[in-house]
Amino acid sequence: MNLFIEYSLVGLAAGGMYALMALGFVLVFKGTGVFNFAQGELMMLGAYVFLTVNQLAGLHWSIALAATAVFALAAGAFVERAILRALAGQPLLSVVMATVGLGLVLKGAVGLIWGQEQRTLPGLLPRAPVFIGEFLIPGNAFWSFVISMAVVGACLAWFRFTRSGVAMRAAASSQVNAYAVGINVPRISALTWGLAAAVGGFAGVLLAAINNLTPHLGDLALSVLAVLIVGGLDSLAGVIVGGLVIGWLQSMTGAYLGGQYREVMPFVVVLAVLLVRPHGLFGRKEIERI
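The numbering used here puts the first residue of the sequence shown at 195, with every later residue one more than the last.
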């Protein structure tokens, strides 16, 4: 039982990181109806900005994190204005393929600017193990969970208690009604993309601190597809539940069935969820009148 609890805690800690990674996808899809395939590359770009400010410029990690957030906000808003807004009225497939192309461009640009070599962010997350009672959790897993849940919680509070957050929720629900009550929908759309990129930047920094930083770091973002499908692609609450469920399930599978089943079992659960609730556990069921 002690081992079960310890594996569960480690899995839930990893699930918090999954939730943060998935949040950027949900923000864009909920706000604009587009699945952003470049979210992983925006996440990776934020990590490189942090690396540049923190290590190459020699500034404190808090300043580097603030610079990463500002840069990511501006980058996300620029992408929305320069690419997505230019494709307004085009078929959805064109918009999706534009995000795929953007991701490839960002990956290539990062490789040219910073190189392909592997980099590290030492000392950002404490590695000393943390004890919860008599149960041990690796320090980087514990602190990444704490930071991830803090960022996710801050985003949820933003949506619920701020004027811009309420405007984002209104625009996500119905752009026509949002226009009718005087909301500047294009500005809100740019803010949504910027916020999603900033969240991705935080996730990228945490991932690079736990693993290593390369131009291929963004590929890890697609590993949260199971989280998005289980929780619901348009549900902020589903991000948290889906992340924790998938993290726990991976930990249990690796512990009791072996590492070769670790990446397979979540998608077995995904298939089961799709059969019962195709829109996810917390996703909104779309009803269309013909």
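Every residue gets a Cβ at the ideal spot worked out from N, C-alpha and C, and that includes glycine.
| Query | Result |
| --- | --- |
| Using beta-carbon positions only, say whether Leu401 and Leu414 come within less than 8 angstroms of one another. | yes |
| May I have the straight-line CA-CA distance separating Arg483 from Gln454, to the nearest angstrom? | Low local confidence applies: a pLDDT of 43 at Arg483 is under 50, so the model's placement there is unreliable, and no value is given. |
| What does DSSP give as the partner residue(s) for Val324 in the beta ladder? | Ile331 |
| Of the residues Thr314, Val458, Tyr373, Gly283, which one's Cα is nearest the Cα of Gly227? | Gly283 |
| Taking Cβ positions, are Gly218 and Gly441 nearer each other than 8 angstroms? | no |
| Expressed to the nearest angstrom, what Euclidean distance is found between the alpha-carbon atoms of Ile481 and Lys301? | At Ile481, the pLDDT of 47 sits below 50, so the modelled position is not reliable; the number obtained from the coordinates is stated separately. The alpha-carbon atoms of Ile481 and Lys301 are separated by roughly 38 angstroms. |
| In the DSSP assignment, what residue or residues form a beta bridge with Arg456? | According to DSSP, Arg456 bridges with nothing at all. |
| Assuming contact is defined by CB atoms lying nearer than 8 angstroms, are Met211 and Phe339 in contact in what I supplied? | yes |
| Does Arg471 come out as helix, strand or coil in the three-state DSSP assignment? | coil |
| Identify every residue that forms a DSSP beta bridge with Arg313. | Leu407 |
| With 16 as the cutoff for other CB atoms within 10 Å, does Met362 come out buried or exposed? | buried |
| Specify the secondary structure class of Phe476 as computed by DSSP and reduced to three states. | coil |
| Using beta carbons (cut-off 8 angstroms, strictly below), is Gly477 in contact with chain B? | No chain B is present in this structure, which holds just one protein chain. |
| Return the first residue and the last residue of the alpha helix (DSSP H) that Glu235 is part of. | 233 to 245 |
| Whole angstroms is fine: what's the gap from Tyr201's alpha carbon to Ala403's? | 22 angstroms |
| Cα-Cα, which of Ala348, Ser256, Ile307 is closest to Leu214? | Ala348 |
| Taking the alpha-carbon positions, what's the Asp409 to Val299 distance? | The sequence given here places Pro at residue 409; Asp does not occur at that position. Cα-Cα distance, rounded: 11 angstroms. |
| Hey, quick one: how far does the alpha helix (DSSP H) through Gln444 stretch, first residue to last? | 430 to 450 |
| Take Ala344 and list the residues in its own chain whose beta-carbon comes closer than 7 angstroms to its own, dropping the five residues that flank it on each side. | none |
| May I ask you to report which of helix, strand or coil DSSP gives Pro285? | coil |
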